[in-house]
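In what follows, a structure is listed as structure tokens, so that the remarks can point back to it.
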Amino acid sequence: RSARVHQQIIEMYGRYPHRNHLLGRQSTPEEEEYLKTARNGFVRSVQTIQCPSSSILMPPDTSSTYPSLKILVLHGFHQNSNSLKRSAKKLFRELKGIATFYFANAPLPYNPTGEVKEQLLAAFGDGNLPEISYQRQWWNASKDSKIYHHLDVSLHYLDKLFKSDGPFDGVFGFAQGAALGGILCGLQPFGNI
Numbered sequence: 253r254s255a256r257v258h259q260q261i262i263e264m265y266g267r268y269p270h271r272n273h274l275l276g277r278q279s280t281p282e283e284e285e286y287l288k289t290a291r292n293g294f295v296r297s298v299q300t301i302q303c304p305s306s307s308i309l310m311p312p313d314t315s316s317t318y319p320s321l322k323i324l325v326l327h328g329f330h331q332n333s334n335s336l337k338r339s340a341k342k343l344f345r346e347l348k349g350i351a352t353f354y355f356a357n358a359p360l361p362y363n364p365t366g367e368v369k370e371q372l373l374a375a376f377g378d379g380n381l382p383e384i385s386y387q388r389q390w391w392n393a394s395k396d397s398k399i400y401h402h403l404d405v406s407l408h409y410l411d412k413l414f415k416s417d418g419p420f421d422g423v424f425g426f427a428q429g430a431a432l433g434g435i436l437c438g439l440q441p442f443g444n445i
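Right under this line is the structure:
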């Protein structure tokens, strides 16, 4: 039922009218009328927050003489730095004037093991496995996720990266890279990174 409602809205208006104000689009009179009478929960969940006074908002300081931030970017499991650049290019483009991004590539290739390897072999056969050499990982977790195998290799790699390109002002981590960012934050006060 919900999918049908979404489809009808898209067919009727060619877009979601309840997102117009979020995206800076002008609503048509038909869309305005629909928004007044809509009873769908997802339509009512998007609300405009009115700022009490425009004097609270400060214009951005474009005359800043501060240097650009240096941000280390850590990709997720099965990704690499290039795939992350492509998938999040809009985010990085928007922040281009604020920061310089350093995309780290995990030193460990992804090697499927156990159940995953068996499923791949069953699906593709021994000689026809899909290309995975471009996929990287920061560590390989044990089956119960309590042990991070080869994490030391990644930490050594990042230590060398910090010495050659650091210091960094911050870390952006995605998925497994976000967990690694948390580990780095935990190690930093002890001078380990």
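Every number in the working numbering is 252 more than the matching position in the sequence shown, counting from 1. Glycine residues also receive a C-beta, built at the ideal position from the N, C-alpha and C atoms.
Contact set for residue i: own chain, Cβ-Cβ below 8 Å, skip 5 residues either direction
i, result
"Pro-419", "Lys-322"
"Arg-421", "One point to set straight first is that residue 421 is Asp, not Arg, in the sequence displayed. Correct list, in chain order: Leu-321, Lys-322, Ile-323, Ala-351."
"Arg-256", "none"
"Gly-349", "Ser-320"
Spatial neighbours of residue i in its chain, beta-carbon cut-off 7 Å, leaving aside the 5 residues before and after
i, result
"Tyr-400", "Trp-391, Ala-393"
"Tyr-286", "Pro-269"
"Ile-261", "Tyr-268"
Sequence-distant residues of the same chain with beta carbon closer than 6 Å to residue i, five excluded per side
i, result
"Val-325", "Phe-353, Phe-355, Phe-424"
"Leu-403", "Trp-391"
"Ser-307", "Caution applies to Ser-307, whose pLDDT of 45 falls short of 50 and renders its modelled position unreliable; the value that the coordinates give is listed next. Excluding positions up to five away in sequence, the list is empty."
"Gln-302", "With a pLDDT of only 49 at Gln-302, under the threshold of 50, the placement of this residue in the model should not be trusted; the figure read from the coordinates follows. The answer is none, since no qualifying residue turns up."
"Tyr-386", "Asn-332"
Residue(s) in a DSSP beta bridge with residue i
i, result
"Ile-323", "Phe-353, Gly-422"
"Asn-392", "His-401"
"Leu-360", "Gln-389"
Contact belief for residue i with residue j at Cβ below 8 Å, rounded distance in angstroms
i, j, result
"Arg-388", "Ala-340", "Going by Cβ atoms, the distance from Arg-388 to Ala-340 rounds to 16 Å, so no, they are not a contact pair."
"Leu-432", "Ser-406", "7 Å"
"Glu-284", "Tyr-265", "About 11 Å separates the two Cβ atoms, so there is no contact after all."
Any chain B beta carbon closer than 8 Å to residue i
i, result
"Asn-334", "Looking for chain B here will not work: only one protein chain is present."
Between the region 403-416 and the region 328-336, do three or more beta carbon pairs fall short of 8 Å? With the cut-off at 8 Å, the region 403-416 and the region 328-336 do not touch.
Mind the definition here: the region 363-373 touches the region 425-433 only if three or more C-beta pairs lie below 8 Å; say whether that holds. By the Cβ criterion, the region 363-373 is not in contact with the region 425-433, since fewer than three pairs of Cβ atoms, one from each stretch, lie closer than 8 Å.
Does the pairing of the region 355-364 with the region 382-397 give three or more beta-carbon distances under 8 Å? Counting C-beta pairs with one atom in each stretch, the region 355-364 and the region 382-397 have three or more that are closer than 8 Å, which means they touch.
Any alpha helix (DSSP H) of 4 or more consecutive residues that is wholly inside the region 254-298: Fully enclosed alpha helix (DSSP H) runs of 4 or longer: 254-265, 272-275, 281-289, 293-296.
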